[in-house]
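Engineer: For the sequence shown, this note's numbering assigns the number 1 to the initial residue and increments by one for each residue that follows. One structure, pasted below without further comment.
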Amino acid sequence: MSVRNVVLDSSAWIEYILDGPNAGEYAKALQAPAERIIVPTVCIFEVYRSIERIVSVKEALAVTMSMQTFTVDILSEGRAREAAMISRTHALSTADAVIYATALAHNADLLTQDADFMKLPSVRYFKRSR
């Protein structure tokens, strides 16, 4: 059985953590033995910031520590330059460009409910239900 690389963007992580309407879609990826989860460090930042604001500091710390049980991809200088080019080409925010550059570097599918990614290759988009 071959393993597929998958990146969940911050919106997917937050949806999963808060058990939102699309949480089941992200749970499938997180629990699938045939999928290797890649976590861009910027996702740890965004998830911590959101969960701290919505829930608590304690929950934000617990959640981001659990994210680190997967393969964490630390932003390198080269990846930062790739993200800058992606940002310009696709009109993505800095964080979104870093996340997408990480997915491309790992030949990974990007799971998201962020419409900014919707039309990009290798993206599995789940429309927000709220």
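Note that the Cβ used here is the ideal one computed from N, Cα and C, for glycine as well.
Should residue 109 and residue 11 be called a contact, given that it needs their Cβ atoms to be closer than 9 Å?
Structural biologist: Contact: no.
Engineer: With DSSP as the reference, label residue 55 as helix, strand or coil.
Structural biologist: coil
Engineer: Going by alpha carbons, who is nearest to residue 117 out of 87, 27, 40?
Structural biologist: 87
Engineer: So, residue 99 versus residue 7, is the Cβ gap smaller than 9 Å?
Structural biologist: yes
Engineer: Grab me the residues of residue 47's own chain with a C-beta within less than 8 Å of its C-beta, minus the 5 sequence neighbours each way, in chain order.
Structural biologist: 10, 13, 14, 17, 60, 63, 64, 67
Engineer: Closest by CA to residue 107, which one among 69, 122, 83, 89?
Structural biologist: By alpha-carbon distance to residue 107, the top candidate from 69, 122, 83, 89 is 122.
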